[in-house]
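Just so you know, the protein sequences line up as chains A and B, in that order.
Numbering of the first sequence is given in the working numbering, commencing with residue -7 and proceeding in unit increments.
Numbering of the second sequence is given in the working numbering, commencing with residue -7 and proceeding in unit increments.
Protein chains: 2
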Amino acid sequence: MLAGQMQQTPLLISDILTHAARGHSDREIVSRLVDEPVWRYDCGGLATRAARAANALTAMGVATGDRVSSLAWNTHRHLELFFAVPGMGAVLHTANPRLPEDQLVFTITHAGSRVLFYDRSFAAMVDRLRERLPTVELFVMLAVAERPLRGHVQAESYETLLADMNPDFSWPRFDENAGAFLCYTSGTTGDPKGVLYSHRSVVLHALAAGLDGALGLTAFDCIMPCQSLYHATAWGLPFAALINGCKIVLPCDRFDGTSLQTLIGGEGVTFSGGVPTIWTMYLAHLKATSGTTGSLKRLVIGGSAVPRVMAETFERTYGVTVRQIWGMTETSPLGAISTPTPRLADRGQDVCDEVIWTRQGRAPFGIQIRIIDEAGDPCPHDGETSGTLEVRGPWVLERYYRADASAVDADGWFDTGDIATIDADGFMRITDRTKDVIKSGGEWISSIDIENAAAGCPGVRIAAVVGVFHPKWEERPVLVVEAVPEASVTEQAVREHLAPLIAGWWMPDLIVFDTVPLTATGKIDKKVLRGLYGDCLRS
Amino acid sequence: MLAGQMQQTPLLISDILTHAARGHSDREIVSRLVDEPVWRYDCGGLATRAARAANALTAMGVATGDRVSSLAWNTHRHLELFFAVPGMGAVLHTANPRLPEDQLVFTITHAGSRVLFYDRSFAAMVDRLRERLPTVELFVMLAVAERPLRGHVQAESYETLLADMNPDFSWPRFDENAGAFLCYTSGTTGDPKGVLYSHRSVVLHALAAGLDGALGLTAFDCIMPCQSLYHATAWGLPFAALINGCKIVLPCDRFDGTSLQTLIGGEGVTFSGGVPTIWTMYLAHLKATSGTTGSLKRLVIGGSAVPRVMAETFERTYGVTVRQIWGMTETSPLGAISTPTPRLADRGQDVCDEVIWTRQGRAPFGIQIRIIDEAGDPCPHDGETSGTLEVRGPWVLERYYRADASAVDADGWFDTGDIATIDADGFMRITDRTKDVIKSGGEWISSIDIENAAAGCPGVRIAAVVGVFHPKWEERPVLVVEAVPEASVTEQAVREHLAPLIAGWWMPDLIVFDTVPLTATGKIDKKVLRGLYGDCLRS
């Protein structure tokens, strides 16, 4: 090999902060907080306070490679930790407050975190869990000093700590493969598993995510992440936003329609993202209040399949473009995104909408995706054949934190646990989770396809399908419908709605009306449903 | 350090090709050729032919790390070499046919190239230079097989070589720091110096260049590089275009107004770039023919300062956005680009235009710029103080090819040889080359500022200013004006035009009307001018 003669500049997260502070120092950052007034500052202010936080971490004795946990909402203080902790060479574990307490304790202890930063709303829980967090030496409450809730953890106030610190910090240069963020999967089976992002993976992800064929951010965008900062770093949005000079609006934990509408209108939000549930609530709010979407131009929705009616309503009623995104904690998360191409556009608006709204999207530059059959052979990209979805690339994990074995095969392919099709244009569609696919009479039934079809039935709020044991067919689908409050949807109406949309033999054997249980990440908890309905077709 | 646990996927140029072939296989590539009909294919076709070329290189015995030279225009065959040569692990030296022959011979020999690929238009020159190219074992003419011009170099035909080759090639995986392209500076003083781009630097540059704040490419763009492929890989445009799914139009060597207008109209070009000279010719063509710019939306112009009148005409008369770009072979080349920000936009269109049109721009993510005074201390970013411009980042060189010493200081700063100001918003403006700045009575006079002011005088085609010896003031400016053919501009008119635009003591002591000599890269050759006029103020 003949080595190139260019500079070996490592890709570091602190460079994103420095770029923002130098390139668009006065670009605003606005944050809602727990029981405090709205906070306003700018990229220059973020850089200064992140530097103070890094000095505070150093003063605490946090060293290179140490882990620090956050238990926090989408606030400017949490954002400061996104730069201070990895910037000074430590690792930020963004604990998920929606996890069951046992799992929450497991993740902080498995991470081996020495410091826990937490929002005021978690004070009582942290106090209660204190004895079960042996690695944590110091507790810091992300709040002003004037209203202490120190508890028996003897929490320091973040603001008190910062106040005394030097506003300059010389961000160290180190290997770009150093760990930066530790994010745990929600662990629906077994313990949560940690994914340790590197500085390199975060920066490359942010660069690729900003491109027009992905998130398409511009310096004139005002972005409001409605995915939690503790979910795969809010899909990397803060990093992409700061690279591209966007204004940032942080909604704390208030994702209800009224709160979002206030921020969108008041701050001029142009771009947001999150799971479908949030946008269902927002659409309901708009309808109830005859509101408009104001400055909002684009939504990136993922975590679950976007109901077609949601995309259609946003685009046709409100003029807001909806893009699906697919990914997982293991993929940083951007694995695919559904943005249009000239080839699609040439086929007319209806075809384009159909593809964009029903597919999770195409792989961005950097990511490779493929589908394989049960023998491990690649499936054709015909939009029909489904197979196990595998992914690889520089922001896909190699192994879980503290795991002895690699999580990928010899060629780097990571088995996502999803079943998908890929069409000739490269658009991928998730048809199921591997563990949720319904095997009926030797054929596969897609639980997600039935759910999507049922979700379009008037009066249906959430539709969940699980395969349950059947003495003749091995498995058969059961549909659980959570209706819109006060709607009068009937089983008959749902069956009539489904009939033209799915194959006859896919029609659920049972349709029940009930509340649909959700996981800590807001997804349908099929494990619970299988527990409830697993035996209902046995006789 | 705690290592992250993400995949160690190297950033390789072949991944750009593979991404394009998979993600937008049918996106068109159109190429003019020397004495052949226009060629049309798509990204899938490019991938197939690049694979054949890589197999041909392998069959020739080209090995990892070997150098291969091209002497070629902007054509699809040259583009294929952009992927085949680095993709298979060798290094492509893009020789500059505009160099004096001695320097051209020097670069190919210094590169140690084993194979020379050349366009038909260079057949006679290659034949003539054959004996002076001892490292070259094989000559390949980039032409169809049917019209051989083999000469005494016994050239192979590129198309004959490709025809027999397998259309599949398994692109090898290797260290991303491997050399990929070898580009020589034009060497106005001494021998040309080689800059050896790595796979990593090319891919990172392409990612950052595609962002909205830089080139802002989308999948709906049709780009036509009017900067030569042998100039810093046409500013990396082919790579950014293929990452983002753009259509590519290659004009061969025909950058005259009529040829460009035909391609813009016929192919739907939305985006182009090049040195100001080309766009001066294009504007003259539009005026002469009462033409319109059709689908053209954006121009990125660099290499020399963009005359304000050019930017203004494109935007106000034709609705084409003009962005200045600054860089050099040593910076891959993107060092700065003038794109608007909300802060600028808030100050009104006039201020925004003034800044965008008179500054070379801001550093994109990845690049850091600074200005220093003669003592090496940083100068303030006040838009007034000028200093030596230094740059660093992952696509800036560390040392020249085969150099023993580093080209940068201990902190990675590369002295660009330019004098610049940087304003509070980070917009940088080149005021001179270090070697061209005029030292008069202990103060600096910017030759570029006088040139820009003079270029706006009606009837002036090119204005060139050099500092020459003056017995009292050390140096004084001399202005050489090349007038528009048949224009009747006078010295008096130029002086009256300049008077309100520059400081009184900057007024040139002498204004002469003459042809302005240009270098191999189309810039004003001030060395020649100093030779001609150096003694004219001596007495």
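By construction, the Cβ of each residue, glycine as well, lies at the ideal position given by its N, Cα and C atoms.
Item                                                                                                                                      : Value
Selected residue, minimal CA-CA separation from alanine 115 (chain A), among A:Met133, A:Val458 and A:Gly433                              : A:Met133
Interface residues of chain A facing methionine -7 (chain B) [CB-CB closer than 7 Å]                                                      : Thr56, Gly57, Phe166, Asp167 and Ala170
Inter-stretch contact at 8 Å, needing at least 3 Cβ pairs: the region 224 to 244 of chain B / the region 11 to 22 of chain B              : yes
Through-space distance from serine 105 (chain B) to leucine 91 (chain B), alpha-carbon basis                                              : 17 Å
Opening and closing residue of the alpha helix (DSSP H) in which histidine 102 (chain A) lies                                             : 93 to 103
Cut-off 7 Å between Cβ atoms - residues of its own chain near leucine 510 (chain A), not counting five sequence neighbours on either side : Ile516 and Asp517
Distance between serine 439 (chain B) and glutamine 341 (chain B) (C-alpha atoms, nearest Å)                                              : 28 Å
Local Cβ density within 10 Å of glutamate 435 (chain A), reported as buried at 16 or more and exposed below that                          : exposed
Rounded distance between the beta-carbons of valine 261 (chain A) and methionine 216 (chain A), thought under 8 Å                         : 5 Å
Close Cβ partners of glycine 368 (chain A) (< 8 Å) along its chain, the five nearest in sequence each way excluded                        : none
Exposure of histidine 144 (chain B), with buried meaning 16 or more beta-carbon neighbours within 10 Å                                    : exposed
Beta-carbon spacing of leucine 203 (chain A), asparagine 236 (chain B) below 8 Å                                                          : yes
Three-way DSSP call (helix, strand, coil) for lysine 519 (chain B) in this model                                                          : helix
Length of the line joining the Cα atoms of serine 162 (chain A) and threonine 40 (chain A)                                                : 11 Å
Nonlocal neighbours in the same chain, by C-beta distance under 8 Å from valine 301 (chain B), ignoring five residues either side         : Ala447 and Gly448
Cβ-Cβ separation, alanine 172 (chain B) to valine 83 (chain B) (assumed contact under 8 Å), whole Å                                       : 6 Å
Whole-angstrom distance between phenylalanine 109 (chain B) and threonine 177 (chain B), CA atom to CA atom                               : 20 Å
In chain order, each alpha helix (DSSP H) run of at least 4 residues that lies wholly inside the region 137 to 207 of chain A             : 150 to 155 and 191 to 202
Contact list for serine 330 (chain A) against chain B, beta-carbon separation under 9 Å                                                   : The contacting residues do not exist; serine 330 (chain A) stays about 12 Å from chain B at best.
is_contact[phenylalanine 212 (chain B), chain A] using C-beta, thresh 8 Å                                                                 : yes
Proximal residues, the region 413 to 443 of chain A versus chain B, C-beta separation under 8 Å                                           : Gly418
Which of helix, strand or coil DSSP assigns to glutamate 435 (chain B)                                                                    : strand
Opposing strand residues paired with aspartate 407 (chain A) [DSSP bridges]                                                               : A:Glu382
Where the region 229 to 254 of chain B meets chain A: residues whose CB sits under 7 Å from a CB there                                    : Ile235, Asn236 and Gly237
Aspartate 527 (chain A) at chain B interface by Cβ criterion, 8 Å                                                                         : no
Neighbouring residues, chain A, relative to glycine 385 (chain B) (Cβ below 7 Å)                                                          : Gln(-1) and Thr1
Cβ contact check for the region 467 to 482 of chain A and the region 426 to 433 of chain A: 3 or more pairs under 8 Å                     : yes
Proximal chain B residues relative to glycine 205 (chain A), where beta-carbon distance stays under 8 Å                                   : Thr210, Ala211, Asn236 and Gly237
Cutoff 8 Å: serine 193 (chain B) Cβ touching any chain A Cβ                                                                               : yes
Within 9 Å of chain A by C-beta, residues of the region 72 to 87 of chain B in sequence order                                             : Gly81, Ala82 and Val83
Below-8 Å beta-carbon distance, aspartate 18 (chain A) vs any chain B residue                                                             : yes
Continuous beta strand (DSSP E) stretch holding glutamine 316 (chain A): start and end                                                    : 313 to 319
Selection from A:Phe263, A:Leu49 and A:Asn88 that minimises the alpha carbon distance to tyrosine 222 (chain A)                           : A:Asn88
Glycine 36 (chain B) versus alanine 12 (chain B): straight-line alpha-carbon distance, rounded                                            : 8 Å
8 Å Cβ cutoff, arginine 487 (chain B) in contact with chain A                                                                             : no
Proximity of alanine 399 (chain B) and tyrosine 393 (chain B) at Cβ, strictly below 8 Å                                                   : no
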